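Residue numbering for the sequence shown follows the working numbering, starting at 21 and increasing by one per position.
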Amino acid sequence: MSDIDTEQEKLFRERYAEELQKKKQQDTYHYGGENELFEERIKVKQQEWKTPGRRGEKIKQEEIDKEIVRRDKIKNKRIPATALDIKLAIRPI
Numbered sequence: 021m022s023d024i025d026t027e028q029e030k031l032f033r034e035r036y037a038e039e040l041q042k043k044k045q046q047d048t049y050h051y052g053g054e055n056e057l058f059e060e061r062i063k064v065k066q067q068e069w070k071t072p073g074r075r076g077e078k079i080k081q082e083e084i085d086k087e088i089v090r091r092d093k094i095k096n097k098r099i100p101a102t103a104l105d106i107k108l109a110i111r112p113i
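Below, the structure written as structure tokens:
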């Protein structure tokens, strides 16, 4: 992400982030269903190949990455490593 965004780029980021939150994402562990977020990433990459260097596509890629990470954090509330160590110590595999 660029350290310095213009006001127009900030507004674009906000609007695009809101749009991405509305898109469906396929469950990682199940096949089937819509995966609008993945399709959006493909569309943006194809546009980036056609017109390299455009700031809009770079911003879109950054926002898609952020959205995927955000969803992953919400979905996978990970078990802390110390809790996992305790479980393994109590019940050996």
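Each residue gets a CB set at the ideal place from its N, CA and C atoms; glycine is no exception.
Bear in mind that the values here come from a model prediction, so they are computed numbers and not experimental data.
Applying the 10 Å Cβ sphere with the 16-neighbour rule, what's the burial state of I62?
Burial call: exposed.
Check whether the Cβ atoms of Q45 and N55 sit closer than 8 angstroms, and answer yes or no.
A contact, by the Cβ cut-off of 8 angstroms.
Rounding to the nearest angstrom, what Cα-Cα distance links E38 and L57 in this structure?
If I take the Cα positions, the gap works out to 12 angstroms.
Quick one: is the Cβ of T71 within less than 7 angstroms of any heavy atom of the ligand MG?
By its list of ligands, the structure shown contains no ligand whatsoever, and the ligand MG lies outside what it can speak to.
Tell me, to the nearest whole angstrom, how far the beta carbon of R33 is from that of E83; I am working on the premise that it is less than 8 angstroms.
Contact holds; Cβ gap of about 6 angstroms.
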